[in-house]
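Per full-length UniProt numbering, the sequence shown starts with residue 1, numbered consecutively.
Ideal Cβ positions, reconstructed from N, Cα and C, are used throughout, including at glycine.
What follows is a set of notes on a single structure, which appears directly below.
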Amino acid sequence: MAGVMDAVNQRTQLVGQNRLELLLFRLDGPQLYGINVFKVREVLQCPKLTMMPKSHPVVCGVASIRGATIPILDLAMATGSGALQDQSSPFVIITEYNTKTQGFLVRSVERIVNMNWEDIHPPPKGAGRDHYLTAVTRLDEQLVEIIDVEKVLAEVSPTPEAISQGVVDVETQAKALSLRVLTVDDSSVARKQVARCLQTVGVEVVSLNDGRQALDYLRKMVDEGKDPSEEFLMMISDIEMPEMDGYTLTAEIRNDPRMKNLHIILHTSLSGVFNQAMVKKVGADDFLAKFRPDDLASRVVDRINAADHSQGSPLAVNTI
C-alpha cells in the first residue's frame, strides 16, 4: 500500500485546475468511499491499538506511528453504520484535518483516481439531514460517496466555537451591523460554525454551498449592475467543494474586472505550506486554517476597521 502513496506529493499541480485525486476505500460491504488525497499522510495496515479510558465510542484506540500517538476512529461507526465488522486485516488512513492528525479504520483501500471537481456533486436532496456525505460522484458506473469528515470530527471531538473575550469590541459590533459577508462551504457543519462566529461579530451572513453556486450568484449580481466589493465586506470560501473548488472560484472572480476587488479569504481544513503558494497563484487575499474562531473573527474585525477607514469605498486587492 505504501506504493499507492508514493507519488502524492508530486500531484499538487492538479489543484488550481479544478481537479482533485480521491483515495478510494471500503468499509463493510461493497460501497466505495472517497477522501481527498491532500488530506492523507499515509495508509498502513492497522497497527496495535491501545485502548483509552473514557474515550469517545468511535475511537477504537490510539496507535504509536512514527513517534506520534494518533487516535484511530472507526469510520463505519462514526457514520452511523455500527462498528466495522470485518477486522481480519483492516487498514488505517492517517489524515490531517484542521491541523489535527487522526487515523480512520477501514476494511480495505482500493486505489487513487484523478477526477474533475465538475464531476463531484452535492448529495442527493433525498438523503435527509442526518447523512454524513459532503459529495458524491460516479466511477465505472459505481457510486462513490465522499464523507463529510468535518461533521464526523465535530461530533467526536468538538471544536470550541466561542470567540474569546476582547477579540471583538462593542464599537466594532456596531459597525458590523450594516455589513454582509459571503461564505461558501459544502459542509453543513462548517457553514454553521462560520455563520455563528460571524454573527457574534455582528455581520449579516449569506451562505452558499459550493463554488459554482457562488460564482453564479456573483455573476448575477454584477449583471444587475452591483459591485460585490460594495455589497460584501469579504467572501470566506472553503477550498474543497463539489462542482468548483475554492481556488478556481477565486481565479474566476479575479479574472472578471466587474468583481475582481472582492476581498477573499480561503478557509480550509487542508494543511501545509502548499496552500500558501496556491493562495498567491490564484489571487486570494488571505488563507486561514479551519476552525479557529478567534482567528476568523480577528480577520473580519480587521476588515471592518479597514472598510471604515476607507469610508465605504471599494478596497484595493492586496494579495499576500
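{"Asked": "Where the beta strand (DSSP E) through I112 begins and ends", "Found": "108-116"}
{"Asked": "Straight-line Cα distance separating A154 from Q165", "Found": "23 Å"}
{"Asked": "Assumed close pair V59, L44 - CB separation to whole angstroms, cut-off 8 Å", "Found": "At roughly 18 Å, the Cβ-Cβ gap does not stay under 8 Å, so V59 and L44 are not in contact."}
{"Asked": "With 16 other Cβ atoms within 10 Å as the buried cut-off, status of P257", "Found": "exposed"}
{"Asked": "Cβ-Cβ distance between residue 331 and V136 below 7 Å", "Found": "The chain is shown from 1 up to 320; residue 331 falls before or after that span and cannot be answered."}
{"Asked": "In DSSP terms, what V43 is bridged to", "Found": "I93"}
{"Asked": "As assigned by DSSP and simplified to three states, the class of K100", "Found": "strand"}
{"Asked": "Straight-line Cα distance separating S237 from Y217", "Found": "14 Å"}
{"Asked": "From T134, T99, L208, residue whose alpha carbon lies closest to that of T159", "Found": "T99"}
{"Asked": "Residues near V205 in its chain [Cβ-Cβ closer than 7 Å; skip 5 each side]", "Found": "V181, T183, A195, L198, Q199"}
{"Asked": "Segment limits, alpha helix (DSSP H) that includes G246", "Found": "246-254"}
{"Asked": "Sufficient close CB pairs (3 or more, under 8 Å) joining the region 86-94 to the region 37-52", "Found": "yes"}
{"Asked": "Distance between L288 and R254 (C-alpha atoms, nearest Å)", "Found": "19 Å"}
{"Asked": "Nonlocal neighbours in the same chain, by C-beta distance under 8 Å from E171, ignoring five residues either side", "Found": "none"}
{"Asked": "C-alpha gap between R19 and S229, whole angstroms", "Found": "28 Å"}
{"Asked": "Environment of G29 [buried if 16+ CB atoms lie within 10 Å]", "Found": "exposed"}
{"Asked": "When I35, N114, D119, Q193 are compared against residue 373, the one with the closest alpha-carbon", "Found": "The structure shown does not extend to residue 373, since the chain is modelled only from 1 through 320, so no value can be given for it."}
{"Asked": "Through-space distance from V109 to L22, alpha-carbon basis", "Found": "11 Å"}
{"Asked": "Beta-carbon proximity list for A76, same chain, < 7 Å, skipping 5 on both sides", "Found": "L27, D28, G82, A83, L84"}
{"Asked": "D74 - containing beta strand (DSSP E), residue span", "Found": "68-74"}
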